[in-house]
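Protein chains in written order, with this note's numbering: chain C, 80 to 459; chain H, 327 to 603. For reference, the structure discussed in these notes is given below.
In structure tokens, the structure reads:
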């Protein structure tokens with residue numbers, strides 16, 4: 080196989096598509112720890128990444144994996160790790176460090192049923208809030224939600240681009256179903272794929288953190304003598320362990336750079352949102368049942384529409400609120416016991432009732448029929 | 327160290343900062359031993375070095391005081407971060423500074439695995455036998471029966487012989503000295519810097535503030551004297567019983583060998599894989 084996958088049609092597993100997307104995005108380093116249902120990403124990259132001159136190393140645990148990824152990123156390399164819920168929990172310590180030090184990197188979380196070991200081989204969607212509030216302290220996060228093998232490829236590339244643009248860790252919030260299923264995928268030619276690289280400092284620059292705009296990022300070994308720290312620091316990287324102003328300036332900049340650019344980051348798919356009686360908000364594998372459920376409901380005479388989140392964070396509040404105007408109900412199906420539901424409730428702000436549809440365990444999806452029945456019930 | 331030497335190594339430090347260490351802290355001796363080694367090896371500056379550290383007093387040795395690139399990471403994770411740096415930039419000297427809590431407590435598995443991989447980095451573990459920054463709690467290296475804030479009746483656990491663990495795991499170089507052995511420490515630093523593969527230095531070091539006063543030392547001088555008198559050369563230790571060696575510091579060079587390193591092995595694979603593509 081060529082260095083980067085050639086344009087064309089392939090029949091891939093979601094995890095393979097994610098790995099090829101990473102190579103397409105320019106990933107040069109992968110460090111990971113085995114975990115179901117994410118291991119195929121490491122396995123595929125272990126074979127493929129060295130062919131491109133890149134490096135794959137299996138570390139001793141998930142903290143070490145994300146730690147190595149962060150170290151690699153500070154050499155200027157695009158770097159990634161992949162895990163599932165339990166491993167993602169262990170990574171939260173280093174997620175905080177990546178947010179605080181503004182280190183671009185990609186973390187793929189292939190969700191399974193939890194908490195704890197839960198059902199290791201079965202699908203779940205219970206890590207939504209972990210991608211938003213997983214580590215302690217103040218920050219804003221980006222999490223992308225693919226619902227197909229095609230999007231495992233595309234959104235992995237986008238995750239690298241967003242990480243490089245905003246100097247932040249970006250999560251690809253996949254799930255077992257999307258990661259393990261195989262389907263047809265179109266790889267476009269490279270001139271149709273956007274690749275973003277981080278902004279580099281000029282030789283005279285001394286400020287690399289907490290700026291109004293996203294700061295340029297030096298690499299180690301370039302002569303900048305950059306001091307990187309997870310402690311509170313000023314623009315030059317100097318540690319300030321007690322100063323109120325320096326701390327506020329830093330953490331507000333971490334939140335601001337995502338919030339102020341939310342319009343550019345937010346991405347979703349929608350249908351019939353301007354004129355629907357029932358609106359459905361979904362993400363990931365569950366959204367695949369929504370397509371059919373909405374069709375079934377429409378065939379039954381119900382005006383149904385949907386928003387499908389491609390970015391879970393930042394959350395597309397305005398789009399959800401706009402759809403809810405004039406709706407008799409907004410339905411939120413998800414394979415957890417209500418996570419996105421509360422976010423939708425917050426966005427809808429009482430304009431319409433929000434109805435949860437939840438199913439957990441056994442890897443069983445919410446079926447189109449179950450969902451269509453709920454749509455019909457809610458319209459009455 | 328003469329005044330001339332001191333002014334020579336001053337150039338490796340950022341000019342506008344004052345070192346944060348307590349009076350009598352061994353971190354200063356560890357830092358000066360390292361910088362004298364760098365100086366004697368002919369490095370005019372630290373442009374060929376990257377420093378990684380975790381959390382603890384000794385993690386502040388490089389960050390941000392050295393005029394160099396430094397990554398001050400989370401507690402225990404300096405070695406993983408150093409791994410990422412070294413694998414992508416094998417041309418740079420990657421040096422980790424950390425305490426016994428950071429390196430041999432929360433970060434022990436990373437230490438063992440880096441030694442097992444024979445990762446080409448250098449780790450300096452400043453062993454003050456206590457969690458100093460948090461106020462003097464018992465550490466995995468605290469001597470048996472020593473009083474600490476969390477063992478007010480004396481520590482009832484056995485300390486870990488970290489250097490021996492690193493040797494067993496596969497490091498190319500390992501040595502243990504105390505800050506009462508400044509010259510030996512510096513010479514060991516020189517060897518560690520030029521070692522290919524994993525190099526480990528354990529520097530037993532006084533913490534008068536958080537350890538010494540509860541362990542019953544009157545002052546820093548008395549503590550340093552204890553380090554010297556309580557040290558046993560490696561060769562002599564082989565003739566002593568376990569009981570005689572209780573709470574002794576066995577000093578010397580434990581291993582110096584040339585097993586192929588992680589980056590050598592890894593880049594061989596990458597070269598072959600590129601050809602197969």
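Where is the CB? At the ideal position from N, CA and C, for every residue including glycine.
Sixteen is the threshold: when 16 or more other Cβ atoms of the shown chains lie within 10 Å of the Cβ of residue 499/H, as they do, the residue is buried. When the beta-carbon positions are compared, residue 400/H and residue 380/H come within less than 8 Å of each other. For residue 411/H, the chain C residues whose C-beta falls within less than 8 Å of its own C-beta are 150, 151, 153, 154 and 299, listed in chain order. A Cβ of chain H is located within less than 8 Å of the beta carbon of residue 310/C. With fewer than 16 other Cβ atoms from the protein chains shown falling within 10 Å of its own Cβ, residue 591/H counts as exposed. By the Cβ neighbour-count rule, residue 337/H is exposed, with fewer than 16 other Cβ atoms within 10 Å of its own. In terms of beta-carbon proximity, residue 140/C lines the interface with chain H, with at least one pair separated by less than 8 Å. At a cut-off of 8 Å between beta-carbon atoms, residue 520/H makes no contact with chain C. Taking all protein chains in view, the Cβ of residue 595/H is surrounded by fewer than 16 other Cβ atoms within 10 Å, so the residue is classified as exposed.
If you check each beta-carbon in the stretch 196-217 of chain C against every beta-carbon of chain H, none falls closer than 8 Å.
At a cut-off of 8 Å, the C-beta of residue 304/C has a neighbouring C-beta in chain H. When rounded, the separation of the alpha-carbon atoms in residue 156/C and residue 287/C is 17 Å. Exclusion of the five residues before and after residue 225/C leaves 231, 234, 253 and 257 as the residues of its chain whose Cβ lies within less than 6 Å of its Cβ. Using a CB distance below 7 Å, the part of the stretch 393-423 of chain H facing chain C consists of 393, 394, 395, 396, 397, 398, 399, 400, 403, 406, 407, 408, 409, 410, 411, 413, 414, 415 and 418, ordered along the chain. Take the alpha-carbon of residue 293/C and the one of residue 247/C: they are about 10 Å apart.
Measuring C-alpha to C-alpha distances from residue 436/H to each of 369/H, 495/H and 455/H identifies 495/H as the nearest.
Using a CB distance below 9 Å, the part of the stretch 98-114 of chain C facing chain H consists of 107, 108 and 110, ordered along the chain.
Residue range 141-152 is occupied by the alpha helix (DSSP H) that includes residue 142/C. For residue 387/C, the enclosing beta strand (DSSP E) has its first and last residue at 383-388.
If one requires a minimum length of 3 residues, the beta strand (DSSP E) runs lying completely within the stretch 244-317 of chain C are 248-254, 261-266 and 306-308, in chain order. For residue 134/C, at least one C-beta of chain H is nearer than 8 Å to its own C-beta.
Along the length of the stretch 157-235 of chain C, whole alpha helix (DSSP H) runs at least 4 residues long occupy 164-180 and 207-212, reported in chain order. For the pair of segments examined, the stretch 298-309 of chain C was found to touch the stretch 392-406 of chain H: the number of CB pairs separated by less than 8 Å reaches three. Chain C has no Cβ within less than 8 Å of the Cβ of residue 384/H.
Note on geometry: alpha-carbon atoms of residue 354/H and residue 387/H lie some 8 Å from one another. Annotation: residue 392/H to residue 348/C spans about 50 Å, alpha carbon to alpha carbon. Residues of the stretch 168-186 of chain C with a C-beta less than 9 Å from any C-beta of chain H: 172, 173, 175, 176 and 180, listed in chain order. Annotated as proximal: residue 149/C and residue 184/C, with beta-carbon spacing under 8 Å. Residues of the stretch 432-445 of chain C with a C-beta less than 8 Å from any C-beta of chain H: none at all. In this structure, the alpha-carbon of residue 413/H lies about 57 Å from that of residue 407/C. By the neighbour-count criterion, in which a residue is buried when 16 or more other Cβ atoms sit within 10 angstroms of its Cβ, residue 393/C is buried.
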